[in-house]
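Below you'll find the structure, written out as C-alpha cells, and then a few comments.
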Amino acid sequence: MARFSTPRSRSIAASAAVMIGLAGLGTGALPASAAPVTVPAEKTTPAPANETSVKIGSVESGESYDQFIVTYKASTQSADKSGRAKAWGKAAKDAGVSVKELRALATGGYVVKADKKLKGAGAQEFMADIAKSGLVEAVEPDAIMKISMSPNDTRYGEQWDFHGTNGMRLPSAWDVATGSGSIVAVLDTGITSHTDLNSNVISGYDFVSSSTSARDGNGRDANPQDEGDWYAAGECGDSYSGNSSWHGTHVAGTVAAVTGNSSGVAGVAPNAKIQPVRVLAKCGGSLSDIADAIVWASGGSVPNIPANATPADTINMSLGGGGACGTTYQAAIDAAVSRGTSVVVAAGNESQNASNSRPANCNNVITVAASNPSGAPSYYTNYGSAIDVTAPGGDTRYAGQGILSTINTGTTTPSSQGYTFYQGTSMATPHVAGMVALMKSVSPSMTPAQVESALKNGTRPMPGGCSIGCGAGLVDATKIMTALGGTTPEPTPEPSGNLLKNPGFENGAESWTANRADTFETGTAARSGNGLAGLNGWGYSSTYTLDQKVTIPSNATAAQLKFYLRVLTNESTSSTQYDKLTVQVLDGYGTYNVGSWSNLDANSSYEQQSIDLNNYRGKTVTLRFKGVEDSSQATTFRIDDTSVSTS
C-alpha cells in the first residue's frame with residue numbers, strides 16, 4: 002500500500018512525529034492527532050492531479066482477474082450506463098479486452114467484467130488507465146477470497162518456525178490443506194495426555210520389549226503411554242542422571258497439535274491424526290523394536306502383534322545412532338516404502354556428516370537437517386550429501402529461538418501438561434512429517450518418491466546460506482502446497498552468471514530476508530516483470546533492511562554488484578540528505594558501507610548502479626540494502642533487477 006505523505010512543512014511533520022512517538026504507536030500506525038498526514042492507498046510516487054484521489058487496488062502475484070469493482074465520482078456522466086462506460090472504454094481498448102457492466106453493489110460501486118483475464122501487470126495497468134479517466138474514485142480487482150486459517154492458539158505468536166521470516170511459511174499452506182485424512186506415526190518415547198493433543202491422537206502401540214526399560218511392568222502392549230525415560234547416574238553409560246524428556250509428546254505437538262482452540266500451540270498439520278508408537282524408553286530403544294515398529298506402522302505384519310487397523314501414510318523418526326544403515330533397518334524401511342508410507346528421519350545432532358548416522362544414511366528415507374531463526378544451519382545439525390531437506394530445528398541458547406511444543410512437566414513420571422522449547426533435528430523432522438501429511442491430504446495417491454521430489458522442489462535457498470550441505474534447502478510450505486494446487490507461477494529465469502537468487506523479486510521474498518513484509522511488491526512500478534522491492538516511503542521515521550547472502554568465488558578476477566534504483570521523494574531540499582539508502586557488506590567481522598544514495602538522487606526512472614566487490618572475493622558475505630527515513634516527507638527507494646557477477 003502507499004506510503005507517501007502529502008507535501009507539508011517540516012515543522013508540521015516534526016510535530017506530528019512527536020505526537021506519534023508520545024502515543025507509543027508501532028511502525029505504520031498514525032494517531033488521529035496527526036491529521037495533516039495522509040497515506041494514499043498505493044506505495045507509489047504522488048500521482049498526477051487527475052489521479053490524486055483515485056484509490057487503485059492491488060493485484061496478487063500470479064493471480065489473474067476478469068472482474069473489477071469501479072466506484073464512480075458523483076456526476077451526470079456516471080448517472081447512466083453509457084456515461085459510466087466512458088471510464089473504462091479507452092482502458093479496455095488499450096488492454097485488448099471487451100468489457101461490460103454486470104451490476105451495482107450496495108456499497109455504491111459497479112462490477113464490470115472483461116471477456117478475458119488480465120494477469121499481474123496487465124490488470125494493474127488496466128486499473129491505472131481507468132483511474133486516468135478522471136471519472137472514478139476507486140477501482141480494484143473483484144478478487145476471490147479463500148478460507149484463511151489464522152490460529153488463535155495463545156502461544157502461536159512464539160512459533161517463529163511456522164510464520165517467521167525464516168520459518169516454513171505455513172499460514173498460506175493451510176488455505177490449501179490442513180492434513181485431514183492423513184495419519185502420521187510418531188516412533189518415539191510414546192505420548193502423554195495433553196488437551197492440545199488428545200483429540201488428534203489415535204490408537205498406537207508400545208514396541209519396547211524390555212519391561213525394565215519400559216517401566217510398565219510388561220513388554221510390548223497396546224498402550225503407547227510414555228512412562229518416562231529418566232535414568233540415574235551410572236545408567237545408560239552416563240556418569241550423570243537425566244530427567245524424563247517427554248520427547249514423543251513434544252514431537253507429536255509439532256506434527257499435529259490441536260489448532261484454533263484458543264490454547265497453547267498450533268500443529269503443522271492440525272487436522273492430521275497422530276499414531277503414537279513407543280520404541281524409546283530408558284536408555285533409548287533397540288534396533289529390533291524400531292524395525293518391527295516401522296513395519297507395523299506402515300500396515301505390515303509383525304509376529305504376535307495385532308494388525309494395525311489404521312496404517313500411517315507417514316512415519317516420523319526423530320531418533321538415531323552411529324554406524325552404517327544395516328540390513329535390518331533398510332529392510333524395514335524398504336517394506337514401509339513399498340506400502341506407500343513415507344519415512345522421515347532426523348539427520349542427527351553431532352555436527353558431523355550425516356553419512357555417519359543411521360537411519361539418516363539409509364536409502365528410501367527423507368533425511369532432515371535443522372535450521373535456526375536466522376535461516377542458517379543450526380550449530381549442532383548433521384550435514385552433507387545424505388541430507389534431503391532442512392526445516393526449523395531451533396537454537397535454545399537464545400530465548401524464544403527453540404521450537405515450542407507440547408510437553409509433560411513431570412521430572413520422572415508423568416505429571417501435568419505444559420509447553421517448552423526444545424532444539425534439534427528431532428524438532429526439525431516433525432515439521433517435514435507434518436508437511437507430508439498436508440501433501441497427502443491433497444494427493445493421497447502420491448508415492449514416497451513423488452513426496453520426496455515435491456518436497457525438494459518446494460524448498461527455497463537457505464536464507465542464511467549453507468556451505469556444509471543442507472540438501473535442497475529450507476522447506477517452504479506455501480510453495481509446496483501452491484504447486485500441488487496447480488497454481489505455482491513460473492519462476493523468472495535468472496540471468497546467466499548471476500550469483501543472486503530471485504534477483505528481480507518475481508517470487509516475492511524468496512531468497513531475500515527483510516525486516517518489513519511490505520518490502521516486496523508487485524505491479525507496474527517494477528522495472529521489468531511484476532516484482533520489485535520498495536524501501537521506506539512513509540513520511541515518518543522508518544528503517545528497512547533487505548539482505549541476501551552470497552558466496553563470491555576466490556578465483557574470480559573481478560566481482561561487481563549491480564542493481565536498478567529509482568528514488569521518489571516529497572523532500573523539496575536541493576542540499577540536505579534527509580532520507581538515505583546505504584548498501585552494506587557484512588562478512589561476519591564487520592559491516593562495511595559500499596554505496597549510498599538519498600532523497601537528493603530522486604529520478605523519474607530507474608538507473609543502474611554498480612558497486613565493486615573485489616575486496617570480498619573468496620568470502621561468503623551478506624549484501625544489505627538499508628533504507629533510513631527521517632520523521633517527515635516521504636522518500637521511497639525502489640530496487641529491481643539485482644545481480645552479482647564475476648569474471
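Residue numbering for the sequence shown follows our numbering, beginning at 2 and increasing consecutively. Every residue, glycine too, gets a C-beta built ideally from N, C-alpha and C.
First through last residue of the alpha helix (DSSP H) which encompasses residue i
{"i": "R85", "result": "K82 to A96"}
{"i": "Q276", "result": "It is not in any alpha helix (DSSP H) - Q276 instead sits in the beta strand (DSSP E) that spans K274 to R279."}
{"i": "T544", "result": "Element bounds for T544: not the alpha helix (DSSP H) but the beta strand (DSSP E), S543 to T552."}
{"i": "P449", "result": "P449 to N458"}
{"i": "A294", "result": "L288 to A298"}
{"i": "I367", "result": "Note, I367: premise wrong, no alpha helix (DSSP H); beta strand (DSSP E) at I367 to S372."}
{"i": "V252", "result": "H248 to A257"}
{"i": "T483", "result": "A478 to L485"}
{"i": "A122", "result": "A122 to A132"}
{"i": "D162", "result": "W161 to H164"}
Status (buried if at least 16 other CB within 10 Å, exposed otherwise) for residue i
{"i": "Q451", "result": "exposed"}
{"i": "L582", "result": "buried"}
{"i": "Q609", "result": "exposed"}
{"i": "R398", "result": "exposed"}
{"i": "R528", "result": "buried"}
{"i": "T643", "result": "buried"}
{"i": "A347", "result": "buried"}
{"i": "A337", "result": "buried"}
{"i": "I203", "result": "exposed"}
{"i": "L439", "result": "buried"}
{"i": "G323", "result": "exposed"}
{"i": "R359", "result": "buried"}
{"i": "T523", "result": "buried"}
{"i": "A518", "result": "exposed"}
{"i": "Y423", "result": "buried"}
{"i": "P554", "result": "exposed"}
{"i": "N508", "result": "buried"}
{"i": "K588", "result": "Lys is not the amino acid found at residue 588; the sequence shown has Asp there. Exposed, since its Cβ has fewer than 16 Cβ neighbours within 10 Å."}
Cα-Cα separation between residue i and residue j, rounded to whole angstroms
{"i": "R156", "j": "A377", "result": "24 Å"}
{"i": "T546", "j": "T514", "result": "8 Å"}
{"i": "D293", "j": "V177", "result": "35 Å"}
{"i": "G25", "j": "S59", "result": "Annotation note: pLDDT 29 at G25 (below 50); position unreliable, no value reported."}
{"i": "G168", "j": "E572", "result": "38 Å"}
{"i": "A429", "j": "A370", "result": "7 Å"}
{"i": "V55", "j": "A139", "result": "5 Å"}
{"i": "N556", "j": "F638", "result": "34 Å"}
{"i": "Y206", "j": "L188", "result": "10 Å"}
{"i": "K117", "j": "G90", "result": "15 Å"}
{"i": "H432", "j": "T255", "result": "6 Å"}
{"i": "S386", "j": "E351", "result": "16 Å"}
{"i": "A635", "j": "S543", "result": "10 Å"}
DSSP beta-bridge partners of residue i
{"i": "S644", "result": "K563"}
{"i": "I192", "result": "Q226"}
{"i": "W598", "result": "L582"}
{"i": "Q68", "result": "K114"}
{"i": "T637", "result": "N537 and L569"}
{"i": "E141", "result": "I70"}
{"i": "L405", "result": "F422"}
{"i": "V622", "result": "V551"}
{"i": "Y157", "result": "Paired residue(s): none; Y157 is not in a bridge."}
{"i": "A282", "result": "G285"}
Per-residue DSSP class, three states only, for residue i
{"i": "P431", "result": "helix"}
{"i": "Q609", "result": "strand"}
{"i": "E630", "result": "strand"}
{"i": "E102", "result": "strand"}
{"i": "G184", "result": "The displayed chain sequence assigns Ile, not Gly, to residue 184. Reduced to three states, the DSSP call for I184 is strand."}
{"i": "V55", "result": "coil"}
{"i": "M318", "result": "strand"}
{"i": "F521", "result": "strand"}
{"i": "K441", "result": "helix"}
{"i": "S529", "result": "coil"}
{"i": "Y384", "result": "strand"}
{"i": "S343", "result": "strand"}
{"i": "N354", "result": "strand"}
{"i": "Y590", "result": "coil"}
{"i": "A392", "result": "strand"}
Endpoints, beta strand (DSSP E) assigned at residue i
{"i": "V209", "result": "From DSSP, V209 is part of no beta strand (DSSP E); its letter is neither H nor E."}
{"i": "Y420", "result": "Q418 to Y423"}
{"i": "S1", "result": "Any question about residue 1 goes unanswered here, given that the chain covers just 2 to 648."}
Any non-hydrogen atom of the ligand ATP closer than 8 Å to residue i Cβ
{"i": "G109", "result": "You won't find the ligand ATP in this model; it holds no ligand whatsoever."}
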